[in-house]
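Chains as they are written, first to last, in the numbering used here: chain A, 1 to 114; chain B, 1 to 112. To keep things clear, I will list the structure first and then write my remarks on it.
What follows is the structure, encoded as structure tokens:
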């Protein structure tokens, strides 16, 4: 079945450590997105990529980095510069269907800083 | 900056009752999306509304769009416990291209 796989599902990090969240899709979608969700809040866009080897900052990119070397993969690194990284991270891929911007989300990765 | 506001943010209702969730947005857009999120889970697409006056229904949920008022509603009819979840609306505006901006979400609890 086609879909988006995020790993790990849960991750604990000590302060000062970088961590990388994996996002893989087999939907053949060009565009991919990373969102952050804090308790009781909506989704905020971190980074997005509309094509391989290209990506753009979203609304809260500081302290994060991404790469897009392959169409299928869009990993997110949470660096030590991110002061409050504890959150639920969601990866999505996007396609246009009949004039609509349809996002398919992964199951999410929950990061906790100890 | 595109802003999307939902109200109420928290909604507790009894089974069998009706209620409406409102979604206002700040820029011109003909595309509005509703998603559902169960606790600790990912987002699931519910409805895509693509034009003024669009109405979509599935089961006890009905969504509508008024682009002139920049308002979408999600109406719940005869609520059941299985509808308990957080509901998000999202918009991609003319200036944001394919980027979706999400509302804060409405946390719905349906009590027996």
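C-beta: ideal position from N, C-alpha, C; glycine also.
Contact set between residue i and chain B, taken where Cβ atoms lie within less than 8 Å
{"i": "residue 101/A", "result": "31, 33, 92, 98, 100"}
{"i": "residue 31/A", "result": "98"}
Distance, residue j Cα to residue i Cα
{"i": "residue 84/A", "j": "residue 111/A", "result": "10 Å"}
{"i": "residue 13/B", "j": "residue 73/B", "result": "17 Å"}
{"i": "residue 90/A", "j": "residue 58/A", "result": "14 Å"}
{"i": "residue 74/A", "j": "residue 52/A", "result": "9 Å"}
{"i": "residue 84/B", "j": "residue 15/B", "result": "10 Å"}
{"i": "residue 66/A", "j": "residue 17/A", "result": "16 Å"}
{"i": "residue 116/A", "j": "residue 91/B", "result": "The question about residue 116/A has no answer here: the residues shown for chain A are numbered 1 through 114."}
{"i": "residue 81/A", "j": "residue 69/A", "result": "23 Å"}
{"i": "residue 103/B", "j": "residue 36/B", "result": "12 Å"}
{"i": "residue 78/A", "j": "residue 12/A", "result": "12 Å"}
{"i": "residue 40/A", "j": "residue 54/A", "result": "32 Å"}
{"i": "residue 49/A", "j": "residue 76/A", "result": "12 Å"}
Listed by chain order, chain A residues near residue i by CB distance under 8 Å
{"i": "residue 151/B", "result": "Outside the shown range of chain B, which is 1 to 112, sits residue 151/B, and nothing can be said about it."}
Integer Cβ distance of residue i from residue j, believed to fall under 8 Å
{"i": "residue 32/B", "j": "residue 89/B", "result": "6 Å"}
{"i": "residue 46/A", "j": "residue 61/A", "result": "6 Å"}
{"i": "residue 27/A", "j": "residue 104/A", "result": "6 Å"}
{"i": "residue 101/B", "j": "residue 87/B", "result": "So it is not a contact: roughly 16 Å between Cβ atoms."}
{"i": "residue 18/B", "j": "residue 76/B", "result": "6 Å"}
Neighbouring residues, chain B, relative to residue i (Cβ below 7 Å)
{"i": "residue 108/A", "result": "42"}
{"i": "residue 48/A", "result": "99"}
Residue i and residue j closer than 8 Å at C-beta
{"i": "residue 54/B", "j": "residue 64/B", "result": "yes"}
{"i": "residue 72/A", "j": "residue 15/A", "result": "no"}
{"i": "residue 88/A", "j": "residue 106/A", "result": "no"}
{"i": "residue 94/A", "j": "residue 35/A", "result": "no"}
{"i": "residue 101/A", "j": "residue 98/B", "result": "yes"}
{"i": "residue 111/B", "j": "residue 71/B", "result": "no"}
{"i": "residue 67/B", "j": "residue 52/B", "result": "yes"}
{"i": "residue 9/B", "j": "residue 26/B", "result": "no"}
Amino acids of chain A, ordered along the chain, whose beta-carbon sits closer than 7 Å to that of residue i
{"i": "residue 50/B", "result": "99, 100"}
Under 9 Å from the C-beta of residue i: neighbouring residues of chain B
{"i": "residue 42/A", "result": "4, 6, 88, 90, 101, 102, 103, 104, 105"}
Can you check the region 2 to 78 of chain B for any beta strand (DSSP E) of at least 3 residues that lies completely inside it and give the ranges in chain order? 4 to 7, 10 to 14, 19 to 25, 32 to 37, 43 to 49, 55 to 58, 61 to 66, 71 to 76
3-residue-minimum beta strand (DSSP E) runs that sit fully inside the region 49 to 102 of chain A, ordered along the chain: 54 to 57, 64 to 66, 76 to 78, 87 to 97
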